[in-house]
Amino acid sequence: MNDLNGRKSSVSTWRDEMHAQLERGKHVLLYGNVDDRYLLDEARPRTALLAQCLNHYFLTQKYQLVVHYDLADGMRTAIPERMDPVLLNLLDGNGNCTELSPENCTGNLGERASFGGSGMGGGVSRDGSAVPPEARVETGSYITSRAEKLAAEFELASQKRRDAARSSLFSRKGRETGKPEGSAGDPGSVPGNSGVPGNSGVPGNSGVPGNSGVPGNAGSGNSGAGENGGERESTPVPVSLASRSRNAEDAIPQLRRVLAQDQVSTAVVVHFSDKLFDDTRRQSRSEREYLLHLKKILIEAATIRQEGFSGRRNALILVASRLSAVPAWLYQEHPLLALIRIPSPLDEERRQFIDGFLGVFTRNSSLTETQRSEYVQTFVDQTQGLTLWDLMALGALANRSEEDPVDEPRELRKLISLYRYGQKEDPWEKFNSGDRRGKIQDARASIEKRVKGQPEAVNAIVEMLISATVGVTMSPSTRQSGKPKGVFFFVGPTGVGKTELAKALAELIFGDEARLRRFDMSEYSESHAAEKLTGSPPGYVGYEEGGQLTNFVRENPFSLLLFDEIEKAHGQVMDKFLQILEDGRLTDSKGQTAFFSQSVIIFTSNIGADSLFTDAGNAQDWRVSDEEPGYEDYVRKHFLEKVRDHFVHVLKRPEILNRFGDNIIVFDMLRPGFVRSIGEKFLQMLKTSAQERRGLILEFEPSILQFVQDAMTQPQNIKNGGRRIRTLLEDRLEKKLNRWIFEHQPETGEILILGFDETGTLTVQRP
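Quick note: the sequence shown uses our numbering, first residue 1, plus one each step.
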């Protein structure tokens, strides 16, 4: 894919968009993932910070002057020894720039675009001589092969930081004593331009990184030393450039004058533009003044007269982490300012990254073409949402490991799981070891002990466990979807085991019911309640606390999420689930992403339960049995229709219903055949309590369970499920028994035989 000039398209699509907007004579506001590193469009894999990446772009486009500005460091240029004098002339109102030509400004771009060493190229030895690439591509540990180079770079960086600190100190003393700044013999001459990110005043360094972008190094060779590793000594530059341009109220009007001239093709990058203002809604007088200067720059920036820049203006690039922190009136509906969001690395960027640094992760293990392709695809699929900083840290983590090389997709997934979740062992894999079939059968038996009379629901859960552990899918062979392991919508009468099934599943998979997090959706009935899940916006109460849902998932990625009574949630709350069900992730108000790929999500609902019998005619004529009303013919059909009507006509969000697909599990009503086993469970609980608290031994006549079974054939009772069984026993048995004990004061160890007469009244016998 090529752009309008036939230039090779960059891996990062935001750079293509920026190029297109500059071609149209517009300025650009970059926001989003601006603090990350980025891959450069070179044959060899290298990474750059945003400032360095922009330097690379503007210098290869042959801009004569590239200026960076922020509140901390003031102004600095991409090539200090060549560009600083030009900028000072323009700032002082000296329009004589005839000595400046594109060649003089940009120098040898071919040389400057090489930027010394690269991630997989040559380096610098301890004596400063070049290290050929082949010296670093030998077998063995990645860290071992780079030790000499890293030591040299660190020593050089430390020396330059010390020199810069001493120079800055002497410069201040010189100004205090009245000595000329940067005069001959004055130790206060500041070497290079230490304020430029990744440049530190090293001549010929265009601000683009070399070796600092290698995983495992993470910029250790770029700590103020410059990207060329000190190939040449710095040229002293007057300190007046930084000192005269630190304050925004002074610097921005000066930058306005620089961009308004048409003799020198100029690009100005304002970093941390969202930090220029205390409040986006109201600004101080000085803030309003330089805001207006920024606004006027957009219109007054001169059209470039240099050949090859037809249609372009001198460029203003604003950089902001958060667009919401920039006053909206500065950018909204402005015809000369384009907003471009920088996203996390896309699939193709992550693919190019691992293509270039594959040997770092595998420690140069030999892979066949098929193995390499599978490994690369696994990396791309598993690293969605990670930044380039994260990918570099993964490379370092792979090399720090004392275990075998990470040279198989399975080991790579473990490494990424360890990085994402802090947990290397996947609870889901326990079903893949040993007798898998036996474990699945044990799972079925374990669930059925706790959930009675719901074969359809139990079958659905078992199928999910099988699919999650076997992993065969219609997706590409190496792709592991970022979607949750399982998503279910449980619907049916109340008290039939929906929540109990969720608890049983959490204990089965994760070994602890505490891994289940229940969200009562009746608390989310208002539109603003959606903020509870992901956190309040900046400036609002609760912002610091984050979101209830996103916080829990980040801290407990292997968990079961239960959203109870989902029909009570507001429609805007339901919209939050669309991204989870589709992409398996959700971003909170702070910009932090929670991943749901290792979780199970269950929604429960009682939609249609109140009309289960009335829709079929006269409820007084119903007598529930083990066969009637039929599950498939009536119960399942009834609930599915009610769920569809709720999402399509009430919420008007059919897209959410489509995400559930066939995962809507209808729970059957509680049939008489299962009433006895549930009643026996409650009677056992009562017997245990009487023994522990009063020392009494309870025995139960069959008449108690028979009474419960007869009562549970009535629609008014059966629609409340197991809860109604408990209520009947509490009213008829538990309360009456407590009153009898209070009145008769039986002795410790005494046996009481309990039963019901024909009217359902409690009888107590003392043998």
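Glycine included, C-beta positions come from ideal geometry on N, C-alpha and C.
All of these numbers come straight from a predicted model, not from anything done at the bench.
Within the same chain, show all residues whose beta-carbon is closer than 6 Å to that of residue i, passing over the 5 residues directly before and after it, in chain order.
i      : result
Asp127 : Because the pLDDT at Asp127 is just 39, under 50, the model does not fix this residue reliably, and the point stays unresolved.
Thr13  : none
Arg313 : Gly25, Ala301, Thr303
Asn606 : Thr494
Phe682 : Arg726, Leu729
Glu103 : In this prediction, Glu103 scores a pLDDT of 44, lower than 50, which makes its location untrustworthy; no coordinate-derived value is stated.
Ser365 : Pro405, Asp407
Phe552 : Arg517
Asp757 : Thr763
Leu91  : Gln254
Among the candidates the options, whose CA atom is the shortest distance from the CA of residue i?
i      : options                        : result
Thr387 : Arg257, Leu358, Ile342         : Ile342
Gln306 : Ile340, Thr266, Glu333         : Thr266
Gly492 : Asp731, Val11, Leu640, Cys53   : Leu640
His19  : Tyr57, Leu686, Arg766          : Tyr57
Glu565 : Phe519, Val258, Ser310, Glu531 : Phe519
Pro557 : Gly32, Leu418, Gln61           : Leu418
Gly359 : Thr759, Arg723, Phe742, Glu408 : Glu408
Ile725 : Phe742, Asn738, Arg676         : Arg676
Leu49  : Glu526, Asp36, Leu59           : Asp36
Val487 : Ala338, Pro405, Leu578, Phe510 : Leu578
Ala445 : Arg372, Leu508, Leu65, Cys53   : Leu508
Leu465 : Pro455, Lys449, Ile440         : Ile440
Lys275 : Leu323, Thr383, Pro629         : Leu323
Gly571 : Tyr524, Phe660, Ile751, Thr604 : Tyr524
Thr604 : Leu612, Asn33, Thr499          : Thr499
Ile697 : Glu23, Tyr631, Gln765          : Gln765
Ser625 : Asp610, Ser559, Pro715, Asp92  : Pro715
Glu701 : Glu627, Leu733, Thr614         : Leu733
So residue i is in the alpha helix (DSSP H); what residue range does that whole segment cover?
i      : result
Met18  : 13-23
Gln745 : Note, Gln745: premise wrong, no alpha helix (DSSP H); not H, not E.
Thr362 : 347-362
Val553 : 548-555
Val34  : Where Val34 is concerned, there is no enclosing alpha helix (DSSP H), given that its DSSP letter is neither H nor E.
Val675 : 672-694
Asp520 : Premise fails: Asp520 lies in the beta strand (DSSP E), 516-520, not in any alpha helix (DSSP H).
Gln716 : 715-718
Val491 : Careful: Val491 lies outside any alpha helix (DSSP H), inside the beta strand (DSSP E) at 486-491.
Leu501 : 498-510
Return the first residue and the last residue of the beta strand (DSSP E) that residue i is part of.
i      : result
Val666 : 664-666
Arg288 : Taken as a continuous stretch (DSSP letters only), Arg288 belongs to no beta strand (DSSP E), being part of the alpha helix (DSSP H) at 285-300.
Thr368 : Careful: Thr368 lies outside any beta strand (DSSP E) and carries neither H nor E.
Glu526 : Taken as a continuous stretch (DSSP letters only), Glu526 belongs to no beta strand (DSSP E), as it is neither H nor E.
Ser265 : First-last for Ser265: undefined, no H or E at that position.
Under 7 Å Cβ to Cβ from residue i, same chain only, skipping five residues before and after it: list those, please.
i      : result
Met574 : Leu651, Arg653, Ile656
Phe647 : Arg653, Pro654, Ile656, Leu657
Met521 : Phe563, Asp564, Glu565, Ile566, Lys568, Ala569
Lys503 : Glu513, Leu516
His334 : Leu298
Gly760 : Phe707, Arg732
Val11  : Leu39, Asp41, Glu348, Glu349, Gln352
How about residue i and residue j: are their beta carbons less than 8 Å apart?
i      : j      : result
Ile447 : Leu501 : yes
Leu336 : Lys568 : no
Val39  : Glu349 : According to the sequence as given, residue 39 is Leu; it is not Val. Yes, these two residues count as a Cβ contact at 8 Å.
Val319 : Leu30  : yes
Leu316 : Ile252 : no
Arg351 : Val376 : yes
Gly546 : Lys576 : no
Thr60  : Val67  : no
Ala457 : Ile601 : no
Val34  : Ser286 : no
Asp70  : His271 : yes
Leu291 : Leu330 : yes
To the nearest whole angstrom, what separates the beta carbons of residue i and residue j, a pair I think is in contact under 8 Å?
i      : j      : result
Val496 : Met669 : 7 Å
Leu752 : Leu762 : Incorrect: roughly 11 Å between the Cβ atoms, too far for contact.
Val269 : Val258 : At roughly 12 Å, the Cβ-Cβ gap does not stay under 8 Å, so Val269 and Val258 are not in contact.
Arg554 : Ala594 : 5 Å
Pro45  : Gly395 : Pro45 to Gly395, Cβ: 11 Å. No contact.
Is residue i close to chain D, meaning its C-beta is less than 8 Å from at least one C-beta of that chain?
i      : result
Ala338 : Absent from the structure: chain D. Only one protein chain is present.
With a threshold of 8 Å on Cβ separation, who are the neighbours of residue i within its own chain once the five nearest residues in sequence on each side are excluded?
i      : result
Phe510 : Pro427, Phe558, Ser559, Leu560
Pro746 : Arg694, Leu696, Leu752, Arg766
Could you check if residue i belongs to the surroundings of the ligand FMN, using beta carbon to heavy atom distance under 7 Å?
i      : result
Glu456 : Although the ligand FMN was asked about, the structure shown includes no ligands whatsoever.
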